[in-house]
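Input: a single structure, listed below in structure tokens.
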Amino acid sequence: MKPELDYRSLFAATPSPYLVLGPDLVIVEVNEAYLRATGRTGADLVGQYVFDAFPDNPADPGADGVRNLTASWGRVLATGMADVLAVQRYDIPVVARPGVFEERWWSTVNTPVLDRDGHVAWIIHRVEDVTAFVQARHAGNRKADEPLTEREEGMEAELYLRARELQRLNEDLRAAHARERKVAVTLQEAMLQSPDLAHHENVAVRYLPAIGSLNVCGDWYDTVDLADGHFSVAVGDVVGHGLEAATVMGMLRSALSAASRAATGPAQALEVLGMYARSVEGALAATAVTVLVDPRSKLLVYSSAGHPPPVLLHSDGTCELLENATDPPLGARPEHVPRPQASTAYRRGDSLVLYSDGLIERRGEDIDTSLDHLKEALGGMTDLAPDQLADALLERLGVAGGGDDDIAVVIVRL
1 MKPELDYRSL FAATPSPYLV LGPDLVIVEV NEAYLRATGR TGADLVGQYV
51 FDAFPDNPAD PGADGVRNLT ASWGRVLATG MADVLAVQRY DIPVVARPGV
101 FEERWWSTVN TPVLDRDGHV AWIIHRVEDV TAFVQARHAG NRKADEPLTE
151 REEGMEAELY LRARELQRLN EDLRAAHARE RKVAVTLQEA MLQSPDLAHH
201 ENVAVRYLPA IGSLNVCGDW YDTVDLADGH FSVAVGDVVG HGLEAATVMG
251 MLRSALSAAS RAATGPAQAL EVLGMYARSV EGALAATAVT VLVDPRSKLL
301 VYSSAGHPPP VLLHSDGTCE LLENATDPPL GARPEHVPRP QASTAYRRGD
351 SLVLYSDGLI ERRGEDIDTS LDHLKEALGG MTDLAPDQLA DALLERLGVA
401 GGGDDDIAVV IVRL
């Protein structure tokens, strides 16, 4: 039998300097080689935000280490792939002399560690201190025709070859990522086709995949034409990512579309969907909201299964949250219970906004604050057509290019 390895001891003894970061860029572990290279102790670093421990040198107006590392770690978090930086200067504080920084040059590779769901759980930050080599190359006392030492030639050749190889690898990985992402987004868009949507020039929809994600996800929207000129709009969100979540999304979306055509109202449609969700693996805790639009009575009838509340943007600029018929997510109750249903009147020119949580949720921000930001963003946009309003809303909330999570939006000009 193979002996059981002590991975913590292996990590501590690794000769190359390693730092382990969480997705929030807080230092969670460091090895002995890194401590020696920086003159720090574990107590100095573990638990610290990395740029609090290693800020840019304030005496160097050209310092760009924080910017370059932030960009590199951002790419790792977005793509789930390793990222390589060119050799760069990043001075570090001298422990015994507060306010004094020491010139350092580093060769850096940032590598993600993924959890079971494919999300970046940690980032391994590996560095090599090449300060002596760079300073020797830049030394003013070296004659122009003075040859490099054998050691300097070896280091230069190794760094050059390593940089070229890693650059090529990065380019190949990014090209593969772009291809796979395009396929994933195309699949998601195909699954979101809504035939009845073409009948409504007053309805705009948007779907934005999470930035950097290779996986199709579980956000969806739909429009269903009903009798007597009525129609319903819905938005839902399945927990998880990948093809499994996308498959569940397609099943729930189709089931709600069918239920909406046969049910007496949104609440009953969600009751049917909830019972169906209990038989679908991966559907539990999915959320959905559906709104029936009655143009004759100018009435909105709605029900929600654990989903963020739609917003009714009145023509005078005020916003009304449709939050009087909210119930737990699908399958959350062990036994069937009738779902609530509510209604509210609207006026011609009002706009109905449905969305998934990726539009508003921000790390460290509670839901009430997020909803306040949504209402503030909608203010002053009452004259915009649905397509313009959708684009402006995404822009104002800072997610026009996508966010950390998928985003689905439906806007109806009533």
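Residue numbers for the sequence shown follow my numbering, so the first one is 1 and each next one is one higher. Here a beta-carbon is modelled for each residue, glycine too, at the ideal position from N, C-alpha and C.
What's the C-alpha gap between Ala277 and Asn31? Here residue 277 corresponds to residue number 277 of the sequence shown, with the count starting at 1. Here residue 31 corresponds to residue number 31 of the sequence shown, with the count starting at 1. Those two C-alpha atoms are separated by around 47 Å.
What would DSSP say about Ser303, mapped onto helix, strand or coil? Here residue 303 refers to the residue found at position 303 of the sequence shown. If DSSP states are grouped into helix, strand and coil, Ser303 belongs with the strands.
From Asp83, Asp406 and Val46, residue whose alpha carbon lies closest to that of Ala421: Only positions 1 to 414 of the chain appear in this structure, which leaves residue 421 out of reach.
Val203 to Trp105, Cα distance in whole Å? To locate residue 203, count along the sequence shown from 1; it is residue 203. To locate residue 105, count along the sequence shown from 1; it is residue 105. In a straight line, the C-alpha of Val203 is about 55 Å away from that of Trp105.
Mind checking who Ser107 pairs with in its DSSP beta bridge? By 1-based counting over the sequence shown, the position of residue 107 is 107. Under DSSP, the beta-bridge partners assigned to Ser107 are Glu128.
Between the C-alpha atoms of Leu378 and Val239, what's the straight-line distance to the nearest angstrom? One-based indexing of the sequence shown puts residue 378 at position 378. One-based indexing of the sequence shown puts residue 239 at position 239. One C-alpha to the other measures close to 27 Å.
Can you say whether His336 is buried or exposed, counting buried as having 16 or more other CB atoms within 10 angstroms of its CB? For the purposes of this step, residue 336 is taken as the residue at position 336 of the sequence shown. When all chains shown are included, His336 counts as exposed.
Environment of Phe51 [buried if 16+ CB atoms lie within 10 Å]: Here residue 51 refers to the residue found at position 51 of the sequence shown. Exposed, since its Cβ has fewer than 16 Cβ neighbours within 10 Å.
So which of Arg347, Asp6 and Trp220 has the shortest CA-CA distance to Leu414? Sequence index remark: in the sequence shown, residue 414 carries index 414 (1-based). Answer by Cα proximity: Arg347.
Hey, Leu384 and Val233: beta-carbon distance below 7 Å or not? Translated into the one-based positions of the sequence shown, residue 384 becomes position 384. Translated into the one-based positions of the sequence shown, residue 233 becomes position 233. For Leu384 and Val233, no; Cβs fall outside 7 Å.
Mark Val127 as exposed unless 16 or more other C-beta atoms lie within 10 angstroms of its C-beta, in which case mark it buried. The sequence position of residue 127 within the sequence shown is 127, counting from 1. Result: buried.
Quick check on this structure: which residue in Arg333, Asp350 and Pro308 has the alpha carbon closest to the alpha carbon of Ser356? Taking the first residue of the sequence shown as position 1, residue 356 is located at position 356. Of the candidates Arg333, Asp350 and Pro308, the one whose C-alpha sits nearest the C-alpha of Ser356 is Pro308.
Taking the beta carbon of His125 as the centre, do at least 16 other beta carbons fall within 10 Å, making it buried, or is it exposed? Sequence index remark: in the sequence shown, residue 125 carries index 125 (1-based). Residue environment for His125: buried (at least 16 other C-beta atoms within 10 angstroms of its C-beta).
Beta-carbon proximity list for Ala342, same chain, < 8 Å, skipping 5 on both sides: As a position in the sequence shown, residue 342 is number 342, starting the count at 1. Once the five neighbours on either side are set aside, the close Cβ partners of Ala342 are Val301, Tyr302, Ser303, Leu322, Asn324 and Ala325.
Span of the beta strand (DSSP E), counted from its first residue to its last, around Gln388: Start at 1 with the first residue of the sequence shown, and residue 388 comes out as number 388. That residue, Gln388, is in no beta strand (DSSP E); its alpha helix (DSSP H) goes Pro386 to Arg396.
In angstroms with no decimal places, state the Cα-to-Cα distance between Val235 and Thr79. Here residue 235 refers to the residue found at position 235 when the sequence shown is read from its first residue. Here residue 79 refers to the residue found at position 79 when the sequence shown is read from its first residue. If I take the Cα positions, the gap works out to 27 Å.
Assign Glu29 to one of three DSSP states: helix, strand, or coil. Looking up residue 29 in the sequence shown gives position 29. Strand, per DSSP.
In the DSSP assignment, find the unbroken beta strand (DSSP E) run with Ala294 in it and report its ends. Position 294 of the sequence shown, counted from the first residue, corresponds to residue 294. Rather than Ala, the amino acid found at residue 294 in this sequence is Asp. First-last of the beta strand (DSSP E) with Asp294: Thr287 to Asp294.
Return the first residue and the last residue of the beta strand (DSSP E) that Tyr18 is part of. The residue given as residue 18 occupies position 18 in the sequence shown. Unbroken beta strand (DSSP E) run through Tyr18: Tyr18 to Leu21.
Which same chain residues, not among the five before or five after Pro340, have their C-beta less than 7 Å away from its C-beta? Residue numbering aside, residue 340 sits at position 340 when the sequence shown is read from its first letter. Cβ within range, chain order: Ala267, Ser303, Ala325 and Asp327.
Terminal residues of the continuous beta strand (DSSP E) containing Tyr207? As a first step, residue 207 is located in the sequence shown; it is residue number 207 there, counting from the start. Annotation: the continuous beta strand (DSSP E) that includes Tyr207 extends over Val203 to Leu208.
Under the rule that 16 or more other beta-carbon atoms within 10 Å means buried, what is Val94, buried or exposed? Within the sequence shown, numbered from 1, the residue matching residue 94 stands at position 94. Exposed, by the Cβ-count rule.
Through-space distance from Ala63 to Arg89, alpha-carbon basis: One-based indexing of the sequence shown puts residue 89 at position 89. One-based indexing of the sequence shown puts residue 63 at position 63. C-alpha separation (whole angstroms): 8 Å.
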